[in-house]
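Position 67 (the sequence shown) corresponds to 69 in the working numbering; numbering is contiguous.
Built from N, CA and C at the ideal position, the CB exists for glycine as well.
Just so we're clear, the structure is a prediction, and the values are computed from it rather than from any experiment.
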Amino acid sequence: MVIRFLRKMLGGTDTDTPPEPVSETTYQGYQIIAAPIEDAGGWRVSGRIVRTTGDGEEAVPFVRADVYGSREVAAEMTTHKAQRLIDEQGGRLFDSGH
3 MVIRFLRKML GGTDTDTPPE PVSETTYQGY QIIAAPIEDA GGWRVSGRIV RTTGDGEEAV
63 PFVRADVYGS REVAAEMTTH KAQRLIDEQG GRLFDSGH
């Protein structure tokens, strides 16, 4: 029970399955996968930023504190947040120390 509570507080869910993607888009060569997480107050901003390299794909998951009333709005805001992360950090997102 405590683990379940902590997992939710840290942006996780009760299960180990990732949330289902709502939308996917490409921005500056990166793929953005918006997959909001259902939360008690609505839908939490959540997704992945993916880049393809010669070695395959690398993905960086992210979860934000923002919660919206609808899944579609949360997905739209997830895309905006991911674009901002890409603008601010670019390839540094994928540095192992990040």
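Residue nearest to Pro38 within the set Asp57, Ala84 and Thr55 is Ala84 (criterion: CA-CA distance). Taken through DSSP and simplified to helix, strand or coil, Ala42 comes out as coil.
DSSP places Glu22 outside both helix and strand once states are collapsed to three, so it counts as coil.
In terms of Cβ geometry, Phe64 and Gly44 do not form a close pair [threshold 8 Å].
Ile35 is not a Cβ neighbour of Val47, given a cutoff of 8 Å.
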